[in-house]
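So the sequences go chain by chain: A and B. Quick note on this note's numbering: the first sequence kicks off at 2 and runs consecutively. Quick note on this note's numbering: the second sequence kicks off at 159 and runs consecutively. Below: the structure, in structure tokens.
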Amino acid sequence: MKPAPFRYHAPKTIEEAVETLAEVAGDDGRVLAGGQSLVPIMAFRLAKPAHLVDINGVEALRRLAIDGDKLSIGACVRHAAFHKPVVDGPLGRLLAKVVRHIAHYPIRTRGTFCGSIAHADPASEWCLVAAALDAEMVARSAGGTRTIAARDFFQGIMTTALNENELLTEVRLPILPADTYCGFYEFNRRAGDFAIAMALANYRLQDGKMVEPRVAVGGAEPLPRRIAEAERALAGQAPGKPAFEAAAEAAAKVVEPLDDAITSAEYRRDLVRTVTRRALEQASP
Amino acid sequence: MIEKREITLTINGRKYDVRVDPRRTLVDTIRDDCGQTGTHIGCEHGVCGACTVLLDGEPVRSCLMFAVQAEGRQIRTVEGLANGNELHPLQQAFIDNHGLQCGFCTPGFLMLATGVLEREPDISDEDLLDVLSSNLCRCTGYQNIIKAVRAAAVTMREKARATPGATR
């Protein structure tokens, strides 16, 4: 239960961090942010990185700010930063609700938003938020910066579009209009445990009908994603039981759930129906 | 061969100069290099919370940090709670409310609760339950721990009112 030996690097600037990463990435170098997923994996020796690039000393990565119509979340912003709403309106309230489902308090004081996105565990709440809201991921390497859309970023279980020499410096979430109705529902067996299925839904109203609906499901499939079939079941309908149930049914029908010894695919499919409906009920006017 | 690093840790206000491998966890360093064995090691992968310490006032799992990351930070452990022979209100409340049996998880629970009550003296019951779900106890069934922390919260609030400006 002790991590294997590694060389430790503690850069002070983003430039220094990506230059170090460029040097060590080919030699199994990894970025260390909050360490709440990486260090347990190292304790089990499932990962034995030869180098760790610890970004906790990079002041510029602690930035959490509103840039126009986006909320920018730097790589060292910890989960606990979201316990109280960080922005007025539905987005701040949504993040404050979701963060309570992430592990436990002492994990949230260390773990980071961006670390969770880069780790891409299928059960990650922040990955679901990123997929549902079409977040932008900012990846930086010694060669330059690129922005990756959420739909291209998540590629499978713990697999993302990030190259090994790239540092996820920031994630940008769209600030939701004040009249957005939002709901989030997660199911797991114990407080703080990984989600077996969860859903995030939001929409706005125009003449009493739902417009711009978004429904995303996480935990059930290898990666979190928006479910177009469920969104189509909502668009143009009045919010309420018939539309919500139709969307939940559509989501349950199209997901391709994970299947393991403890939780069968059929059970997860059932849960997708339930969590989608409950997320929508929470989003009721 | 990876070189050891010379670091200085500050634990309960006292400085410790140690030489450690980068891979050495904070909890191993606190116990084995600094001799402060009040902090316990349980699961070593962040699940049980026995190793919870305060880092700049915030509860963290010391098995999920490397010692080299804690340089320059204020670390507080269970040894720093009592003031001489006078127990911290949380320690006294755990005794009074039978909040421990075997005692293995107790240092972790004490530091978790200390960090949270110092930050949020008027924490709601709902939030307190959420916080206390962080750590594992296999003896008490949790109810007496919850009772103890609630009782200590009252004592700590009264103490704070009696001595304005005191932090603990």
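For glycine and all other residues, C-beta sits at the position ideal for the given N, C-alpha and C. None of the values given here were measured: they were computed from a predicted structure.
Go to residue i, then tell me how far its alpha helix (DSSP H) extends in each direction, as first and last residue.
i: S117(A); result: F114 to H120
i: V25(A); result: I15 to V25
i: K254(A); result: K242 to V255
i: L270(B); result: T264 to R277
i: R315(B); result: Q301 to A320
i: I108(A); result: Y106 to R109
i: E171(A); result: First-last for E171(A): L168 to P175, but that is the beta strand (DSSP E), not the alpha helix (DSSP H).
i: D283(B); result: D283 to L290
i: D254(B); result: P247 to D254
i: A231(A); result: A229 to L235
i: A131(A); result: E126 to A133
i: L92(A); result: P91 to V100
i: V40(A); result: L39 to A44
Within 8 Å (strictly less), CB to CB, does residue i reach chain A?
i: R296(B); result: no
i: C289(B); result: A small fix is needed here, since residue 289(B) is Val in this sequence, not Cys. It does: the Cβ of V289(B) has a partner Cβ on chain A nearer than 8 Å.
i: R326(B); result: Because R326(B) sits at a pLDDT of 49, beneath the cut-off of 50, its placement in the model cannot be relied upon, and the point is left open.
i: R219(B); result: yes
i: N210(B); result: Looking at the sequence provided, one finds Thr at residue 210(B) rather than Asn. Cβ-Cβ to chain A under 8 Å: yes for T210(B).
i: V226(B); result: yes
i: I169(B); result: no
i: A207(B); result: Note that residue 207(B) is Gly in the sequence shown, not Ala. Output row for G207(B): interface = yes.
i: M314(B); result: no
i: P180(B); result: yes
i: A165(B); result: Ala is not the amino acid found at residue 165(B); the sequence shown has Ile there. Cβ-Cβ to chain A under 8 Å: no for I165(B).
i: I188(B); result: no
i: I303(B); result: no
i: G257(B); result: no
Looking at the secondary structure, which residues open and close the beta strand (DSSP E) in which residue i lies?
i: V212(A); result: K210 to G219
i: V176(B); result: R172 to V178
i: T264(A); result: Run containing T264(A): none; DSSP gives neither H nor E here.
i: C287(A); result: Residue coverage of chain A in this structure runs from 2 to 286, which leaves residue 287(A) outside it and unanswerable.
i: Q156(A); result: F155 to G157
i: T146(A); result: G145 to A150
i: M199(A); result: A198 to Q207
i: M138(A); result: E137 to S142
i: V54(A); result: H52 to D55
i: E216(B); result: E216 to R219
i: L72(A); result: K71 to G75
Taking just the CA atoms, how far does residue j sit from residue i?
i: G171(B); j: E237(B); result: 11 Å
i: Q194(B); j: A309(B); result: 28 Å
i: T305(A); j: A240(B); result: Because residue 305(A) is not part of the residues shown, which for chain A are 2 to 286, the question remains open.
i: H246(B); j: G196(B); result: 15 Å
i: C263(B); j: C183(A); result: 39 Å
i: V87(A); j: I56(A); result: 23 Å
i: D153(A); j: A162(A); result: 7 Å
i: E230(A); j: G35(A); result: 36 Å
i: L294(B); j: C206(B); result: 5 Å
i: E278(B); j: G242(B); result: 25 Å
i: Y300(B); j: M269(B); result: 16 Å
i: R326(B); j: M314(B); result: Unreliable placement is indicated for R326(B), whose pLDDT of 49 sits below 50; the coordinate value is still reported in the next sentence. The alpha-carbon atoms of R326(B) and M314(B) are separated by roughly 7 Å.
i: V218(B); j: V211(B); result: 6 Å
i: R8(A); j: T183(B); result: 14 Å
i: E316(B); j: G230(B); result: 33 Å
i: A280(A); j: P41(A); result: 31 Å
i: R296(B); j: I303(B); result: 12 Å
i: R177(B); j: Q232(B); result: 18 Å
i: T321(B); j: A306(B); result: 22 Å
i: E164(B); j: V185(B); result: 17 Å
i: R31(A); j: Q207(A); result: 47 Å
i: G237(A); j: K210(A); result: 5 Å
i: G215(B); j: C209(B); result: 15 Å
i: P107(A); j: F195(A); result: 16 Å
i: F188(A); j: N255(B); result: 33 Å
Under 8 Å between C-beta atoms, does residue i make it to chain B?
i: H105(A); result: yes
i: F155(A); result: no
i: M199(A); result: no
i: Y9(A); result: yes
i: Q283(A); result: no
i: K3(A); result: yes
i: T113(A); result: no
i: R31(A); result: no
i: N189(A); result: no
i: D194(A); result: no
Assuming residue i contacts residue j under a Cβ cut-off of 8 Å, what Cβ separation, rounded to an integer in Å, is found between them?
i: A76(A); j: L62(A); result: 4 Å
i: A141(A); j: V19(A); result: The sequence given here places Arg at residue 141(A); Ala does not occur at that position. With 8 Å as the limit, R141(A) and V19(A) qualify as a contact, their Cβ atoms being about 5 Å apart.
i: A131(A); j: A104(A); result: In fact, because the Cβ distance is near 17 Å, the residues do not count as touching under 8 Å.
i: A124(A); j: Y204(A); result: Between Y204(A) and A124(A) the Cβ distance is about 25 Å, and since that is not below 8 Å, they are no contact.
Could you tell me if the beta carbon of residue i falls within a distance shorter than 7 Å of some heavy atom in the ligand ADP?
i: R227(A); result: Absent from the structure shown: the ligand ADP. Ligands present: none.
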